[in-house]
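2 protein chains.
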Amino acid sequence: MTIDKTEILKALAHPTRVSFLEWMREPGQHFCEQAHPLEMGICANQFEKKCGLSQSTVSAHLATLEKAGLLKTNRVGQWAFYRRDEENIASFLNDLKSTL
Amino acid sequence: MTIDKTEILKALAHPTRVSFLEWMREPGQHFCEQAHPLEMGICANQFEKKCGLSQSTVSAHLATLEKAGLLKTNRVGQWAFYRRDEENIASFLNDLKSTL
DNA sequence: CCTTTAAATCGAAAAATCACGATCTACATA
DNA sequence: TATGTAGATCGTGATTTTTCGATTTAAAGG
Numbered sequence: 001m002t003i004d005k006t007e008i009l010k011a012l013a014h015p016t017r018v019s020f021l022e023w024m025r026e027p028g029q030h031f032c033e034q035a036h037p038l039e040m041g042i043c044a045n046q047f048e049k050k051c052g053l054s055q056s057t058v059s060a061h062l063a064t065l066e067k068a069g070l071l072k073t074n075r076v077g078q079w080a081f082y083r084r085d086e087e088n089i090a091s092f093l094n095d096l097k098s099t100l
Numbered sequence: 001m002t003i004d005k006t007e008i009l010k011a012l013a014h015p016t017r018v019s020f021l022e023w024m025r026e027p028g029q030h031f032c033e034q035a036h037p038l039e040m041g042i043c044a045n046q047f048e049k050k051c052g053l054s055q056s057t058v059s060a061h062l063a064t065l066e067k068a069g070l071l072k073t074n075r076v077g078q079w080a081f082y083r084r085d086e087e088n089i090a091s092f093l094n095d096l097k098s099t100l
């Protein structure tokens with residue numbers, strides 16, 4: 001559960017995944033058409049529509065971000081809602097700033 | 001010549017390259033046995049000894065870091081001296097902090 | 001010149017990553 | 001129970017990355 005800097009940097013090494021994180025900074029800007037309230041997080045299917053990649057590819061990208069600790073999942077019924085893990089993101093940025 | 005965030009993140013996606021950058025923060029700590037004065041930068045061969053990879057592999061890693069704008073090279077005689085590009089590194093960290 | 005030394009480049013093999021469609025699992029609902 | 005929807009997982013090619021040894025380039029020294 002500890003943060004692994006290498007794993008995080010690998011997760012950030014693909015522009016699609018970086019976009020996912022950036023979009024999630026302003027959910028209202030990028031996911032305004034979501035059926036569910038944005039407070040629940042961003043539903044996985046929203047990313048597919050926005051990036052144009054297949055369902056399985058998007059699922060894999062989200063899993064990579066989650067494994068790295070950059071996202072948290074909340075499963076409700078048949079849906080999976082994702083949100084940024086702001087704590088880990090901030091820790092990572094601080095760590096990078098002080099060690100890189 | 002402008003900084004390319006994706007290229008930088010890819011350059012950082014390999015632990016060896018991150019180590020190179022981190023070692024160069026304290027040259028006196030990690031490269032004290034270098035024949036040339038550390039003010040000239042870090043001689044390419046120093047990285048080989050420290051990481052155990054082959055000469056060509058180290059050369060490729062250094063080239064990746066340089067292309068991303070994280071290192072600068074200074075060629076003197078038969079040697080290549082590398083130093084961190086602190087400006088670009090700081091710009092990148094600031095950019096990451098404000099967009100990620 | 002010839003040899004040595006340092007580093008970049010080349011070519012190839014191995015490993016990792018990316019993307020897709022197909023399938024499987026879980027939940028919801030008729 | 002049967003159907004439909006959402007998402008994870010599987011299997012598989014295509015591409016990229018990593019690494020090495022061999023070669024090439026360039027400078028230094030004898």
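Respectively, the protein sequence lines represent chains H and S. The numbering of the first sequence is this note's numbering, which starts it at 1 and goes up by one. The numbering of the second sequence is this note's numbering, which starts it at 1 and goes up by one. C-beta: ideal position from N, C-alpha, C; glycine also.
- Between the alpha carbons of Gly-77 (chain S) and Ala-44 (chain S) lies a distance of about 13 angstroms.
- Bridge partners of Thr-73 (chain H) according to DSSP: H:Tyr-82.
- For Lys-10 (chain S), the chain H residues whose Cβ falls inside 8 angstroms of its Cβ are Ala-13, in order along the chain.
- The three-state reading of DSSP puts Cys-51 (chain S) in helix, counting H, G and I together.
- When DSSP states are grouped into helix, strand and coil, Ile-3 (chain S) belongs to the coil group.
- When the alpha-carbon of Lys-67 (chain H) is set against those of H:Asp-95, H:Glu-22, H:Cys-51, H:Asn-88, the nearest one is in H:Asn-88.
- Of all alpha-carbon atoms in H:Arg-83, H:Val-58, H:Leu-100, the one lying nearest the alpha-carbon of His-14 (chain H) is that of H:Val-58.
- Residue contact check for Ile-89 (chain S) against chain H: a CB pair falls below 8 angstroms.
- Taken in chain order, the complete beta strand (DSSP E) segments of 3 or more residues contained in the region 6-31 of chain S number zero; there are none.
- Taking a contact to require three or more Cβ pairs closer than 8 angstroms, the region 80-96 of chain H and the region 47-54 of chain S do not qualify as touching.
- If you check the CB distance, Met-24 (chain H) and Asn-74 (chain H) do not come in under 8 angstroms.
- Here Leu-12 (chain H) is actually not in contact with Leu-21 (chain S); their C-beta atoms are around 15 angstroms apart, not less than 8 angstroms.
- Taken atom to atom, the span from the alpha-carbon of Tyr-82 (chain H) to that of Leu-65 (chain H) is near 10 angstroms.
- One thing to note: Ile-42 (chain S) has its Cβ within 8 angstroms of the Cβ of Gln-34 (chain S).
- Closer than 8 angstroms to the CB of Thr-64 (chain H) there is not a single CB belonging to chain S.
- Here Lys-10 (chain S) is buried. Its C-beta has 16 or more other C-beta atoms within 10 Å.
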